[in-house]
Structure formats: C-alpha cells, structure tokens
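Below is one structure; the comments refer to it alone.
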Amino acid sequence: MNSESVQFDLFLGVNKWDEVYIANKDKEYSSEAMFVAWASWASVCLVNTYQGTPFVNTVELRQLDSMLHFRKIMGNSSIYLYERRNMGPSSRDNPIIRYPNDTYDRFWYPWGSEDDPTYSNLSAPSTLNIAPSLSFAVPSLVLETAVVPADNKSVLSIIQTNDKPIHEYLVLVHYADFQSTLRRQFQVYTDGYPSNDGPYVADYTGQTVGTIDWISAETSGKYNITLAATDSSQLPPIVNAFEVYGRIPLDNPSTFPTDFDAIMTIKFEYGIKKNWMNDPCFPSNLVWNGVRCSTGSDNTMRIISLDLSNSNLHGSISNNFTLLTALEYLNLSGNQLSGTIPSSLCENNAGSFVFRFSYLFNVDIGDNFVHLDSTYGPEFLNAPGSTKNHWDHMQKTENRRFTYEELEKYTDNFERLIGHGGFGQVYYGCLEENIEVAVKMRSESSQHGLDEFLAEVQSLTKVHHRNLVSLVGYCWENDHLALVYEYMSGGNLCDHLRGKISVGESLNWATRLRILLEAGQGLDYLHKGCNLPIIHGDVKTNNILLGQNLKAKIADFGLSKTYHSDTQTHISATAAGSVGYIDPEYYNTGRLMESSDVYSFGVVLLEVVTGEPPIIPGHGHIVQRVKQKIVTGNISSIADARLDAYNVSSMWKVVDTAMMCTADVAAQRPVMATVVAQLKEGLALEEAHEERVDLENIASDIVSSVSTFGPSPR
20 MNSESVQFDL
30 FLGVNKWDEV
40 YIANKDKEYS
50 SEAMFVAWAS
60 WASVCLVNTY
70 QGTPFVNTVE
80 LRQLDSMLHF
90 RKIMGNSSIY
100 LYERRNMGPS
110 SRDNPIIRYP
120 NDTYDRFWYP
130 WGSEDDPTYS
140 NLSAPSTLNI
150 APSLSFAVPS
160 LVLETAVVPA
170 DNKSVLSIIQ
180 TNDKPIHEYL
190 VLVHYADFQS
200 TLRRQFQVYT
210 DGYPSNDGPY
220 VADYTGQTVG
230 TIDWISAETS
240 GKYNITLAAT
250 DSSQLPPIVN
260 AFEVYGRIPL
270 DNPSTFPTDF
280 DAIMTIKFEY
290 GIKKNWMNDP
300 CFPSNLVWNG
310 VRCSTGSDNT
320 MRIISLDLSN
330 SNLHGSISNN
340 FTLLTALEYL
350 NLSGNQLSGT
360 IPSSLCENNA
370 GSFVFRFSYL
380 FNVDIGDNFV
390 HLDSTYGPEF
400 LNAPGSTKNH
410 WDHMQKTENR
420 RFTYEELEKY
430 TDNFERLIGH
440 GGFGQVYYGC
450 LEENIEVAVK
460 MRSESSQHGL
470 DEFLAEVQSL
480 TKVHHRNLVS
490 LVGYCWENDH
500 LALVYEYMSG
510 GNLCDHLRGK
520 ISVGESLNWA
530 TRLRILLEAG
540 QGLDYLHKGC
550 NLPIIHGDVK
560 TNNILLGQNL
570 KAKIADFGLS
580 KTYHSDTQTH
590 ISATAAGSVG
600 YIDPEYYNTG
610 RLMESSDVYS
620 FGVVLLEVVT
630 GEPPIIPGHG
640 HIVQRVKQKI
650 VTGNISSIAD
660 ARLDAYNVSS
670 MWKVVDTAMM
680 CTADVAAQRP
690 VMATVVAQLK
700 EGLALEEAHE
710 ERVDLENIAS
720 DIVSSVSTFG
730 PSPR
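For the sequence shown, the residue numbers in the working numbering are 20 to 733.
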C-alpha cells in the first residue's frame, strides 16, 4: 500500500454490502456476509470510489448447514456481520476463537470484560459438558465462558460505540448457564426494545438464543444491549456471547438465476474476457459488452440479446446457449466455431428468434426450420408448427403407438375404472404377456388439447427414473387421445393414509419414510436430473403411486405441467395444483417455480407425519395446525396416533424439513436435493431405532427362555 489509507465499496452481487476503510496497513480487515444463493455463482465486487486502489487478499465461501436458523432470521434479505463478541475470560495466547473450534470458521473476538468492574467473569469447570444449540452452532469454547453483573445485581448492560455507521440491526444473544441449577430468567432489551420471544430461561449446560428483531439505531454506530432479571429469577442474568448484524437490502434488480448460470458457464467455456464481471445486467452503466437485458418479474432481468461476433471464439457451439430461454437475438458470426447447432435453440424461445452465424466452420444445422438471410447467414424463426410437424416429432419416440381398437381390447371395453383426473378417466388394462397398464383417456370436457397431449408424450419419453411412473405408449387416432402407463398395483399414498386401502394395518413410520424418500428422489430428478428441468405443478399424495412392496413413484408430471424449460419457472393463466398443496406465492404471482413443488412436497410430508388431510374445515391448513403444536415441543401431539412406535429424532427431522419446505417466502425453501438428504438421515435414524428394538426384543426372549427352561426348584 502506497497511500496512508484506502476506501472502497464492497458489493454482494448487485447490492451494497459494506464500506471498507483501511487506515492501518499492519492491521487485518475482514467483512462477513450471509446470503441465500440466488444462482450457482456468487459475485463479490470491489467498487472503486477513487480513494485508493481497492484490493483483496482472500475470499472464502462456506456453506451453512440447512438446520441453521439464520435463514429464518434473514427473511428476504442478506445480512452482514457488524459485531461478534465472546464474553468472559479469554486465552492470552489465542484470544480469537475460530476454526477448528468453530465449524464454520466464524471469528469470535474477546470483549475484554476482564478489565470491566461492572462484570464478574465466569469459566465452566473442565468436567462440565455444554451442549451447543444446533440452530446456531455456537462453539462449546465460547459457551464455556460468560459474564454476570458484578455484586449480584439484577441488570447487565453491554454498551458499544463503533466508528462504522449502522442504521438497522439485528441482535443475537447467546447464553448457557454452567454456574447453578437455580432458576435464571431475564428479558433482553436493545436500545429499550424488548426481544421477540423473551423472557428467557438460561438452561443449565444447555444453550439458548435470544433474538431482537430488526430495529433502527437511534444513534448510528451505537447500541445498548441490556439483560434484566425478572421478579421470579433466583439468579442475575448471564451472557456468553452476542452478535450484531446489519441488513443488505435486495433493492436492485439482478439477472435471472438461470440466465446468470448460463452466461457464466459460457464465459468460462470460451474464456471470454471483455468487461464480464459481477452481474451481467446491472447496474445499467456496467452491463456486459454484447449483452442486452430487459426487465422481468420478481425484480429480475432477462438476457434477451447476446452479440459475441468477432470474439475469437473456438471450439463447438455450446449447448449452454439454449439455457438463455428469453434470448431473442444471438450473433456468433466471425468466430471459429464448429459442430451442430443445438436444435432446441429455436424451440426454447417463444416468438421470433434470430440466430446469426455466418463465417462459422463445419456447422451442421440439422433438421431445424431455417429462413435464409443473404446478408447475415441463416435466421431461425420459431413459428408455430403444423400437425405434420407434430407427427414428425412423434415418429422419433421410442414408445408404442396403440390403436383405439387395441385399447378397447386390452381394457375389455374400458370395463374397470381405476381413477380420474383433469385429463380424463383412467382404466385398467392388460397387454400381451400379462403386462398390466393404466390407460388414461382424454375426455371431451378436458381442457387439454392436442399440443398439450403431444407435449406430455414428448416429455415422458425423455424422462426415465425408478421413482417416476413410466410411459408405455400412447394413442392418437382421430378424436381419441390416450396415454398408457405402467400399472401401480398398490394404489396411491392418499388412500393408504385415509385407510381406504386395506393392507392389514396402517403404514408404519419406516415405510412412510421410505415412500417419502422415493417420491422425493423422483421429484428431485425432475428438477435437476433432466436436460431441461420439469416443474410438476401438482405434487400431492394422490400423485404418489405405490407398486409392489409399496415402492413409490411420482405420477401425473408433464400434462399441462411440462414446463420443461430451463427457466425453472412458468406463468400459468389457469390455476395449477390442488387445493391445500398450492404454493401461497403462486396466488400472488401466477408463477410456478421449483420452489412451488417444494412447498407442495412439504405439505405431503406433514400429511404423512400427521395422517391428516391438508385442510380440515373449521381447523385451517395443515401448516398452521402443525405450527401451533410445534411450540409445545411434544412430537406425539403432531404424529399420527396410529403410529405405535417411532424414533422421535427421526420424526422431528421430517417435521423440521417440512416447515422449511413450506416457508412463506419461496427463496427460503430448500431445493429438493437438500430435502432428499434430510429424509435419508431421518430414515437412517428410524432404521437404527428399529434394529435397536429388535435386539432388545431378542435379548428379552433369551431372558424369558432362560427363566422358563432353567433348573427346577428342589
């Protein structure tokens, strides 16, 4: 550093994170933020404010465990660390507690309370074990020191003045009592504002967290945290550590996540330099060269034009261009590219799509519709296809095409009705070699036309997974449209939960968990395993079908819900989903996303846990009903009364996962891969519990056997 000081702005994506002021070259400076990933990439930008040259030594990215409660606290914003302090005596040699003592390598700086006469410093005995809360994962080493008011007073205050301004902040106070088992109860105030859920009781050898929600600072950079004992408390308040966070408002529009992922992949694939840094579309004066954007919904920007002409690009034409589904113009002319132009490039984009690629080498345009432009080379037009075009696509499917007469034969003139839905009636059928099938016939009242029917077939022929119902074939003959699926002999999950299917006894917890896991794996495959993501749009227990040995498969994906576009979103003019399972955000936006499926699956989780339908007249929605019971901490009040025995931790894990899935804000919900991982852990806990019970039963039988066949009394 040549100058005495350096000052610059720090941005997380398109939003201002911090103002960095470095005055001492011998001192280490750091900035810390927590955010929910909006795409596969996260950009950190140093903005020159012309007060010295911005610089950075290291950037570290750490994934927080999905069980941490920061996500609930953050809401629809990111947060940055303002202060994190460890209270009580600290080590002279290593005063800062960090990794490996803190799994997430957070820095816990000492408060310096040893020299403050208003505090009494406490240290836990080395023989005492303090259990950290899984919600915030505060290190045990931090919880093993604390301060209480000197002279046994009833009030403890932490007053801090910081040079860095803060206008709105959140406070977390951590406390664990290792001094006494007597009752220690207190309320927490920040600048006079009480905590959200106090007063608090400091549990002996257990951690509790007090939260003071977002408040405005009366004096910027100054705050006062006060702990006051209640009248019923037998001991003064105690504090082990505290954290203060500021808010990073998500005010500025950012590039649509899928567009962002696609353009970043293209950037690294071709080694594009230019000014391609930070967000492609914002701010408007720093839009990437060759990129043009338009305003989308939900405060996002869509990439609609990409000009990479004469950019010295080499290699094949990337399939990642097809991921820019709002693209209206793409110019790759003047480069040394070869290979096949992805056929979906024009199919994915609605309206007229212009693709210019003159001066490309060895390019195969395949079977696409091409309009010749004598100046710039071929120009793709995504015009509506005729019936003949549809048939050409259908010829490429691998599935069997049935005649209507054959369906009459295989269903015995549609004798056995096994279900019905928006598309039409479903009949039982049996093919050659006793292959059982389900035949879904389109009814005259169905709103689904030929285009949607063909979209269903095209989608299903490309999707193969052990937890998705397979398409056997289709019928397209005059006015007769039908889909032929594999037959699932076990019925649907809903009927099992309602007791409509007699299997001798209710599904036990381990079986329910396996069904949920298999269904979750199928849904995760639709979202991430296909070349183009598919949003189911109607996840419910009726659409989880069971086969032999109760193996679960997802059904009814595709029809009018084959939004198999990589935008991972779809705007629907008609209601999508079923009452009780519909994402609340869908009512406001009309937009289906992967998170919409996640919400619906969360309702399914609660339905399986409780055995209750999503909506009970007079008692409200299942999410609200379960929320009211969670506060009691009694899992038996939530779990289906028909479940005889289960592992409590396993049950809680599924309930916690369900509540994350059904968060009101879509951005706070986990992806299906995370849900599947949680269900695997829950199943492992339950299986271990069952093995333990089996061993105990065996041991009991042995004891009984010894008692029965032991020596006779003399």
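For glycine and all other residues, C-beta sits at the position ideal for the given N, C-alpha and C.
Residue environment, residue i, which counts as buried when at least 16 other CB atoms sit within 10 Å
i       : result
Val-33  : buried
Ser-614 : buried
His-546 : buried
Ser-656 : exposed
Phe-287 : exposed
Ser-109 : buried
Ala-501 : buried
Val-39  : buried
Pro-168 : buried
Gly-385 : Because the pLDDT at Gly-385 is just 41, under 50, the model does not fix this residue reliably, and the value given afterwards should be weighed accordingly. Its Cβ having fewer than 16 others within 10 Å, Gly-385 is exposed.
Pro-144 : exposed
Asn-350 : buried
Ala-42  : exposed
Asn-181 : exposed
Ala-664 : exposed
Phe-205 : buried
Phe-451 : The sequence shown places Glu at residue 451, not Phe. Exposed: under 16 other Cβ atoms inside 10 Å.
Phe-74  : exposed
Ser-303 : exposed
Ile-115 : exposed
Ser-393 : The pLDDT assigned to Ser-393 is 27, lower than 50, so where the model puts this residue is not dependable; a value taken from the coordinates is nonetheless given after this. Under this definition Ser-393 is an exposed residue.
Arg-711 : exposed
Anticipated Cβ contact below 8 Å, residue i with residue j, distance rounded
i       : j       : result
Phe-27  : Gln-82  : Actually they do not touch by this definition, with Cβ atoms about 27 Å apart.
Thr-209 : Ile-234 : 6 Å
Gly-15  : Asn-329 : With the chain represented from 20 up to 733, any question about residue 15 goes unanswered, as that position is not in the structure.
Ala-660 : Glu-604 : The Cβ separation is near 33 Å, so there is no contact.
Pro-255 : Leu-147 : Incorrect: roughly 20 Å between the Cβ atoms, too far for contact.
His-484 : Gly-541 : 6 Å
Reference residue i, options the options, closest by Cα
i       : options                            : result
Leu-516 : Ile-553, Leu-569, Val-482          : Leu-569
Thr-200 : Gly-211, Ser-159, Asn-181, Ser-252 : Ser-252
Val-642 : Met-612, Asn-653, Ala-660, Ile-601 : Ile-601
Val-445 : Arg-103, Cys-300, Ala-457          : Ala-457
Asn-562 : Ile-520, Asn-511, Ala-529, Phe-54  : Asn-511
Val-476 : Asn-331, Cys-494, Leu-487          : Cys-494
Glu-496 : Gln-540, Glu-424, Lys-428          : Glu-424
Leu-702 : Asn-653, Leu-564, Phe-620, Gly-539 : Gly-539
Ser-139 : Lys-646, Thr-224, Arg-321, Gln-198 : Gln-198
Asn-297 : Ala-56, Ala-61, Ala-221            : Ala-61
Asp-675 : Val-690, Gly-621, Glu-452          : Gly-621
Leu-31  : Ile-554, Leu-269, Gly-509, Phe-74  : Leu-269
Leu-141 : Glu-163, Ile-116, Asp-45, Lys-46   : Glu-163
Gly-105 : Ala-248, Glu-262, Val-667, Val-25  : One point to set straight first is that residue 105 is Asn, not Gly, in the sequence displayed. Ranking the options by Cα distance to Asn-105, first place goes to Glu-262.
Val-157 : Tyr-188, Arg-117, Leu-147          : Arg-117
Ser-779 : Trp-528, Arg-125, Ser-525, Gly-131 : Nothing about residue 779 can be read from this structure; the chain reaches only from 20 to 733.
Arg-111 : Leu-479, Glu-102, Glu-133          : Glu-133
Asn-120 : Leu-100, Glu-187, Leu-624, Ser-159 : Ser-159
For residue i, the first and last residue of its enclosing beta strand (DSSP E)
i       : result
Ala-457 : 455-460
His-333 : 333-335
Trp-36  : 34-41
Leu-349 : 348-350
Cys-549 : Taken as a continuous stretch (DSSP letters only), Cys-549 belongs to no beta strand (DSSP E), as it is neither H nor E.
Glu-496 : 490-496
Leu-502 : 499-505
Ala-571 : 571-573
Gln-567 : Gln-567 -> no beta strand (DSSP E), and no H or E assigned at all.
Ser-324 : 319-326
Residue interval of the alpha helix (DSSP H) (run including residue i)
i       : result
Phe-27  : Not the alpha helix (DSSP H): Phe-27 falls in the beta strand (DSSP E), residues 25-31.
Ala-677 : 667-680
Lys-428 : 423-429
Val-161 : 159-162
Asp-514 : 512-516
Cβ-heavy atom distance, residue i to the ligand ADP, below 6 Å
i       : result
Ala-169 : Summarising the ligand content, the structure contains no ligands, and the ligand ADP is consequently not present.
Could you name each continuous beta strand (DSSP E) segment of 3 residues or more that falls completely within the segment 236-306, going from the start of the chain to the end? Listed in chain order, they are 241-248, 260-267.
Which whole runs of the beta strand (DSSP E) in the segment 186-234 are 3 residues long or more, in chain order? As far as the segment 186-234 is concerned, its whole beta strand (DSSP E) runs of at least 3 residues are 187-195, 204-209.
Curious, which full-length beta strand (DSSP E) runs of at least 3 residues does the segment 96-137 contain? Uninterrupted beta strand (DSSP E) stretches at least 3 residues long and entirely within the segment 96-137 occur at 97-105, given in chain order.
In chain order, which alpha helix (DSSP H) runs of at least 4 residues are fully inside the segment 606-654? Complete alpha helix (DSSP H) runs here, min 4: 613-629, 641-649.
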